[in-house]
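Working notes for the structure below.
In this note's numbering, the protein residues as written are 84 to 151.
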């Protein structure tokens with residue numbers, strides 16, 4: 084944000100989470116045109132960890148964020 088104070092908009096991440104809590108896939112949907120920012124956010128999100136589940140399948144989590 085410091086590098087581009089005019090960057091305003093939102094990004095919604097669709098995260099596919101495996102049973103062991105790892106992020107398998109991140110699909111970003113951004114309202115702003117800043118590919119480097121989107122790439123940075125995706126690279127961070129792929130490292131997130133979620134609670135381990137004992138049953139089920141891959142789940143999708145939606146994470147919305149606003150840049151103001």
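Glycine is no exception: its CB is placed at the ideal position from the N, C-alpha and C atoms.
Remember, predicted model here, so these are calculated numbers, not experimental data.
Helix, strand or coil for residue i? Go by DSSP, reduced to three states.
{"i": "residue 117", "result": "coil"}
{"i": "residue 124", "result": "helix"}
{"i": "residue 129", "result": "coil"}
{"i": "residue 135", "result": "coil"}
{"i": "residue 110", "result": "strand"}
{"i": "residue 91", "result": "coil"}
{"i": "residue 151", "result": "coil"}
{"i": "residue 141", "result": "coil"}
Are the CB atoms of residue i and residue j nearer to each other than 8 Å?
{"i": "residue 124", "j": "residue 106", "result": "no"}
{"i": "residue 111", "j": "residue 94", "result": "yes"}
{"i": "residue 146", "j": "residue 96", "result": "yes"}
Can you find the residues in the same chain that come closer than 8 Å, C-beta to C-beta, to residue i, ignoring five residues on each side of it along the sequence?
{"i": "residue 139", "result": "102"}
{"i": "residue 135", "result": "102, 103 and 104"}
Output needed for residue i: all residues of its chain with C-beta closer than 6 Å, excluding positions within five of it in sequence on either side, in chain order.
{"i": "residue 108", "result": "99"}
Suppose the cutoff is 7 Å on Cβ atoms and the five residues either side in sequence are ignored; what does the same chain contact list for residue i look like?
{"i": "residue 120", "result": "90"}
{"i": "residue 141", "result": "99, 100, 101 and 107"}
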